[in-house]
Amino acid sequence: MIGAVASLNIKKNDTVVVIAGRDRGKRGRVLRVVPVKRRVIVEGVNFIKRHTRPNPQKNVKGGIVEREASLSVANVQLVCPECSSATRVGRKQLDDGRRVRICRKCKGVIDK
Ligand SMILES: [Zn+2]
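Written as structure tokens, this is what we have:
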């Protein structure tokens with residue numbers, strides 16, 4: 010695809026497992042996908058400490074805030090809802106014309 014953002018195999022609310030980096034082995038739900046950057050934010054994974062300055066105009070208190078930082082989609086793998094193992098994602102078209110993601114391991118349909 011040229012000039013378009015390739016669609017990712019990971020979508021919001023998927024369960025993924027981290028396969029590289031500091032949080033390797035952790036599982037979590039995908040909170041947000043950033044297709045342009047090919048990054049995802051996963052609940053409870055890749056916490057970073059943000060030092061914030063107080064900003065009274067925006068009602069922001071100073072201090073240290075912990076929040077999830079995005080990680081590359083290359084570092085996560087989808088957990089199949091059918092066989093609950095980490096898997097690569099295939100695609101197929103159903104008889105009704107819908108295009109869905111399938112699990113490469115159990116061939117189960119991921120998108121209901
Ligand atoms: Zn499966």
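Residue 121 is where the sequence shown ends in our numbering, and the numbering goes up by one at each step. Glycine included, C-beta positions come from ideal geometry on N, C-alpha and C. As the structure is a prediction and not an experimental result, all values here were calculated from the model.
Roughly how many angstroms separate the alpha carbons of Val88 and Asn55, rounded to a whole number? 18 Å
| query | Around the C-beta of Cys92, are 16 or more other C-beta atoms found within 10 angstroms, so that it is buried, or is it exposed? | reply | exposed
Quiz item: Out of Gly71, Glu52, Leu103, Val118, which has the shortest C-alpha to C-alpha gap to Thr96?
Solution: Val118
Check whether Arg41 and Val25 have beta carbons under 9 Å apart: Taking 9 Å as the Cβ cut-off, Arg41 and Val25 do not qualify as a contacting pair.
Task: Rounded straight-line distance, which links the Cα of Val51 to that of Arg108 - done: Rounded to whole angstroms, Arg108 to Val51 spans 25 Å at the Cα level.
Q) When DSSP labels each residue in this structure, what does Ala95 get in the three-state scheme? A) strand
Open item on the list: Going residue by residue through the segment 24-86, where are the continuous beta strand (DSSP E) segments of at least 3 residues, counting only ones entirely within it?
Closed with: When DSSP assignments are scanned along the segment 24-86, the uninterrupted stretches of beta strand (DSSP E) that are 3 or more residues long and fall wholly within it turn out to be 24-27, 36-43, 48-51, 56-61, 72-77.
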